[in-house]
Amino acid sequence: MDLLTYTLRKLIGGIPLILGVTLISFVLMVHFGPDKTYELLSKNPTAEEIAQVRSQLGYDQPFWVRYGNYLGQLASFDFGYSDSTGERVASILSRTVPISLALLAPGFVLGNLLGIVLGLVAAWHRGRWIDKAIMGFAVVGMSISFLVVIIAFQIVFGVWLGWFPVRGWNVHDFSSYLHYVTVPTLASVFVALGYNTRFFRAVLVEEMGRDHVRTARAYGAGPVTILYRNVLRNALIPIITRIMFSIPLVVISGSLLIESYFGIPGVGKATFDAITSGDQPILKSVVGLTAVLFVLILIVNDILYRAVDPRVSLK
Amino acid sequence: MSALPTDLIGLEPAIGRSPVRRAAGRLLADRWAMLGLAIVLLFFVIALGVWAGLWGGNWMASAGQRWEGPSTRHWLGTTILGQDILERVLFSTRTAFEIGLIVALASSMLGALFGALSGYFAGTLIDSAVLWLTGVLDAIPFYLFVAALAFALKGNPWAMHIAMVATFWTTTARLVRGEVIKLKELEFVEAARAIGLHPLTIIHRHILPNTFHILLVQATIVFVAAIKSEVILSFLGLGVQDGVSWGLMIAESTTEVTAGHYMNFVAASSFLFVLVMGFNLFADGLQDALDPKRSGR
Numbered sequence: 070m071d072l073l074t075y076t077l078r079k080l081i082g083g084i085p086l087i088l089g090v091t092l093i094s095f096v097l098m099v100h101f102g103p104d105k106t107y108e109l110l111s112k113n114p115t116a117e118e119i120a121q122v123r124s125q126l127g128y129d130q131p132f133w134v135r136y137g138n139y140l141g142q143l144a145s146f147d148f149g150y151s152d153s154t155g156e157r158v159a160s161i162l163s164r165t166v167p168i169s170l171a172l173l174a175p176g177f178v179l180g181n182l183l184g185i186v187l188g189l190v191a192a193w194h195r196g197r198w199i200d201k202a203i204m205g206f207a208v209v210g211m212s213i214s215f216l217v218v219i220i221a222f223q224i225v226f227g228v229w230l231g232w233f234p235v236r237g238w239n240v241h242d243f244s245s246y247l248h249y250v251t252v253p254t255l256a257s258v259f260v261a262l263g264y265n266t267r268f269f270r271a272v273l274v275e276e277m278g279r280d281h282v283r284t285a286r287a288y289g290a291g292p293v294t295i296l297y298r299n300v301l302r303n304a305l306i307p308i309i310t311r312i313m314f315s316i317p318l319v320v321i322s323g324s325l326l327i328e329s330y331f332g333i334p335g336v337g338k339a340t341f342d343a344i345t346s347g348d349q350p351i352l353k354s355v356v357g358l359t360a361v362l363f364v365l366i367l368i369v370n371d372i373l374y375r376a377v378d379p380r381v382s383l384k
Numbered sequence: 304m305s306a307l308p309t310d311l312i313g314l315e316p317a318i319g320r321s322p323v324r325r326a327a328g329r330l331l332a333d334r335w336a337m338l339g340l341a342i343v344l345l346f347f348v349i350a351l352g353v354w355a356g357l358w359g360g361n362w363m364a365s366a367g368q369r370w371e372g373p374s375t376r377h378w379l380g381t382t383i384l385g386q387d388i389l390e391r392v393l394f395s396t397r398t399a400f401e402i403g404l405i406v407a408l409a410s411s412m413l414g415a416l417f418g419a420l421s422g423y424f425a426g427t428l429i430d431s432a433v434l435w436l437t438g439v440l441d442a443i444p445f446y447l448f449v450a451a452l453a454f455a456l457k458g459n460p461w462a463m464h465i466a467m468v469a470t471f472w473t474t475t476a477r478l479v480r481g482e483v484i485k486l487k488e489l490e491f492v493e494a495a496r497a498i499g500l501h502p503l504t505i506i507h508r509h510i511l512p513n514t515f516h517i518l519l520v521q522a523t524i525v526f527v528a529a530i531k532s533e534v535i536l537s538f539l540g541l542g543v544q545d546g547v548s549w550g551l552m553i554a555e556s557t558t559e560v561t562a563g564h565y566m567n568f569v570a571a572s573s574f575l576f577v578l579v580m581g582f583n584l585f586a587d588g589l590q591d592a593l594d595p596k597r598s599g600r
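Those protein sequences? They're chains A and B, same order as listed. Here the first sequence stands for residues 70 to 384, where the numbers follow the working numbering. Here the second sequence stands for residues 304 to 600, where the numbers follow the working numbering.
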């Protein structure tokens with residue numbers, strides 16, 4: 070009950086954020102986005118035809134009415150039909166989002182897990198050569214552009230070795246899934262690992278410097294016990310925050326680049342195509358749902374804090 | 304008797320050195336940071352040379368055959384159009400510095416202004432408004448926002464810069480806000496308030512100069528982020544509109560690498576990598592040197 074009222078209060082508190090995100094993106098779309106009227110018309114349209122298409126697209130309504138309609142759509146999760154293909158936005162999303170999740174999940178999980186492991190190893194051996202080697206690799210990894218990694222991995226695995234396909238997404242069973250997901254996963258792990266390792270090492274080094282850890286060490290507790298019971302548990306809050314807040318960024322920004330380069334029909338590709346073609350219903354749905362996702366993550370994040378650290382109260 | 308003055312001279316630096324001097328001393332002693340600085344300066348000289356017209360001016364001309372290998376005429380070979388890759392890579396250094404400097408300066412200024420206002424007036428309406436704005440901008444995924452803004456302002460060569468500044472200033476603002484909340488409780492600010500100075504004067508004269516270390520570190524981080532984003536945006540067709548950049552070179556090289564011509568790709572990505580690496584090393588050293596928690600020397 071306590072949790073429920075807390076969640077509801079937080080949801081209401083998230084409304085200004087959702088309003089802001091939708092308003093800014095809507096202004097961008099309406100005032101600067103391409104005008105689709107003439108794409109949908111035949112040659113030599115009459116004035117009535119133009120007016121009809123404009124009212125069909127909603128261009129004839131005043132700004133605030135259109136923005137109000139958008140909010141109504143967001144509240145009911147019904148965004149109508151795509152301007153370009155006429156397909157329902159809901160069906161486009163239910164087709165593309167699972168592909169993006171399947172594409173990004175392995176890289177996201179592996180990137181964070183490996184980052185934590187490497188961060189632990191580096192923090193445990195702080196100042197020694199193994200720490201310096203890991204941090205050196207992290208700086209190198211941070212300095213390589215995502216784009217360069219994608220192209221280089223495609224050349225190596227797709228062209229030179231010929232092990233994996235370079236483009237497309239022809240997935241029908243688990244082995245074909247592995248076939249298509251490997252190179253994008255390797256690329257995203259490679260890019261994320263440098264940043265993740267540095268962040269996790271910094272958090273863990275701080276925790277390891279605390280008095281209770283020193284005391285536990287002095288009492289002769291083994292490294293596994295110390296790391297698990299004294300260090301990792303206390304470091305969980307910053308770790309959870311980082312992982313949670315990278316979810317929306319990975320889902321949209323990460324998929325946008327990977328999918329447009331690998332030609333994978335996920336939500337990032339659909340969004341990018343919608344930006345370039347001015348397909349407002351798709352953009353409205355993606356931006357609005359991302360803002361909602363962001364607010365939900367804020368809430369889940371707070372609840373996880375509570376689960377990890379009993380001292381945190383949900384006020 | 305004669306021992307006394309030398310002792311005093313020997314003691315003087317230890318007592319009289321300012322925090323800035325101590326930080327500079329730590330930075331100078333950091334070998335990796337100095338290597339990073341040397342790399343950045345080398346690239347800056349290259350960029351200055353392009354500005355002065357010493358090299359890189361010939362990036363557009365078809366100076367040779369298509370896909371020539373490295374030779375004495377074309378040190379790094381030529382592109383599909385027979386353009387000299389070295390000239391293009393050098394000119395792109397200037398593009399990278401233009402983007403990095405403009406974006407880093409503008410987002411530092413915006414971040415300092417809004418962060419200081421929001422921190423100084425913490426808990427008031429101004430603070431809530433700034434926090435709301437930064438929260439909103441952070442809730443929009445970066446590439447989606449940049450792509451939308453760059454597309455919205457299409458044809459405008461500044462679209463990419465505006466988009467980057469609009470997203471990058473929020474982190475600076477949040478860091479400055481935190482520092483200002485700490486600073487405004489200190490005695491010197493209280494004294495300034497007590498003698499009746501205008502809040503904006505206090506912020507400008509007494510508070511902002513004390514956030515300089517944050518702004519400096521954050522500016523180097525934004526510089527790197529801007530260069531790296533440029534590459535991805537240019538590849539997506541939303542970046543540099545006129546001229547040439549490493550991103551555009553990598554984008555055009557994607558058709559060449561499948562045909563087995565790697566010079567364009569290797570040249571552009573190596574220049575990009577080395578400069579970003581140099582900046583990262585320097586930013587790390589700077590952060591360590593300016594960290595107030597570090598004592599000694």
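From the three backbone atoms N, C-alpha and C, an ideal C-beta is built for every residue, glycine too.
In three-state terms, what does DSSP make of residue i?
i: Gln130(A); result: coil
i: Tyr150(A); result: strand
i: Gln544(B); result: coil
i: Arg236(A); result: coil
i: Asp280(A); result: helix
i: Thr115(A); result: coil
i: Asp387(B); result: strand
i: Thr301(B); result: For residue 301(B) there is no data in the structure shown, the boundaries of chain B being 304 and 600.
i: Arg157(A); result: strand
i: Asp71(A); result: helix
i: Glu401(B); result: helix
i: Val381(A); result: coil
i: Tyr264(A); result: helix
i: Tyr288(A); result: coil
Below 8 angstroms on the Cβ atoms is my contact criterion, and I expect residue i with residue j to pass it. Report the Cβ-Cβ distance as a whole number of Å.
i: Ser346(A); j: Lys338(A); result: The pair is not a contact, with the Cβ atoms about 12 angstroms apart (cut-off 8 angstroms).
i: Ala326(B); j: Ala592(B); result: 5 angstroms
i: Val361(A); j: Phe177(A); result: At roughly 20 angstroms, the Cβ-Cβ gap does not stay under 8 angstroms, so Val361(A) and Phe177(A) are not in contact.
i: Trp472(B); j: Ser410(B); result: 4 angstroms
i: Arg154(A); j: Tyr128(A); result: Contrary to the premise, residue 154(A) reads as Thr rather than Arg in this sequence. Going by Cβ atoms, the distance from Thr154(A) to Tyr128(A) rounds to 19 angstroms, so no, they are not a contact pair.
Just how far apart, CA to CA, sit residue i and residue j?
i: Lys79(A); j: Val369(A); result: 10 angstroms
i: Ser163(A); j: Glu156(A); result: 12 angstroms
i: Tyr264(A); j: Asn113(A); result: 56 angstroms
i: Met412(B); j: Val209(A); result: 29 angstroms
i: Arg279(A); j: Phe424(B); result: 34 angstroms
i: Val225(A); j: Val218(A); result: 10 angstroms
i: Ser324(A); j: Ile199(A); result: 33 angstroms
i: Arg195(A); j: Val186(A); result: 14 angstroms
i: Val381(A); j: Ile84(A); result: 24 angstroms
i: Phe215(A); j: Ile498(B); result: 54 angstroms
i: Phe222(A); j: Gly403(B); result: 27 angstroms
i: Val353(B); j: Asn459(B); result: 23 angstroms
i: Met467(B); j: Gly332(A); result: 26 angstroms
i: Val134(A); j: Val300(A); result: 54 angstroms
i: Arg397(B); j: Pro444(B); result: 29 angstroms
From which residue to which residue does the alpha helix (DSSP H) around residue i run?
i: Ser431(B); result: Leu428 to Ala442
i: Met580(B); result: Met566 to Leu593
i: Pro387(A); result: As shown, chain A starts at 70 and ends at 384. That puts residue 387(A) outside it, with no answer to give.
i: Asp200(A); result: Trp198 to Ser212
i: Trp354(B); result: Arg334 to Ala355
i: Val222(A); result: Checking the sequence, you will find Phe at residue 222(A) rather than Val. Phe222(A) -> alpha helix (DSSP H) spans Phe215 to Phe222.
i: Gly337(A); result: Val336 to Ser346
i: Met98(A); result: Careful: Met98(A) lies outside any alpha helix (DSSP H) and carries neither H nor E.
i: Gly231(A); result: Where Gly231(A) is concerned, there is no enclosing alpha helix (DSSP H), given that its DSSP letter is neither H nor E.
i: Leu519(B); result: Phe515 to Phe538
i: Ala466(B); result: Ala462 to Leu486
i: Pro307(A); result: Arg302 to Leu318
i: Ile327(A); result: Ser324 to Phe331
Counting only Cβ pairs nearer than 9 angstroms, list the residues of chain B close to residue i.
i: Phe206(A); result: Those do not exist, as Phe206(A) stays about 12 angstroms from chain B at its closest Cβ, beyond 9 angstroms.
So which residues of chain A does residue i contact, with C-beta pairs closer than 7 angstroms?
i: Asn583(B); result: Val208, Met211 and Ser212
i: Thr382(B); result: The contacting residues do not exist; Thr382(B) stays about 16 angstroms from chain A at best.
i: Ala451(B); result: Ser94, Leu97 and Ile344
Using a C-beta to C-beta distance shorter than 8 angstroms, which residues of chain B count as neighbours of residue i?
i: Ser329(A); result: Leu539
Less than 7 angstroms separating the Cβ of residue i from some heavy atom of the ligand FAD?
i: Asp378(A); result: In the structure shown, the ligand FAD is absent, as is every other ligand, since no ligand is present at all.
Quick one: list the residues of chain A neighbouring residue i, beta-carbon separation under 8 angstroms, in chain order.
i: Ala407(B); result: By Cβ distance, chain A contributes nothing, its closest Cβ being about 17 angstroms from Ala407(B), past 8 angstroms.
Show which residues of chain A have a CB atom less than 9 angstroms away from the CB atom of residue i.
i: Ser631(B); result: Outside the modelled stretch of chain B, which goes from 304 to 600, sits residue 631(B), for which no answer is possible.
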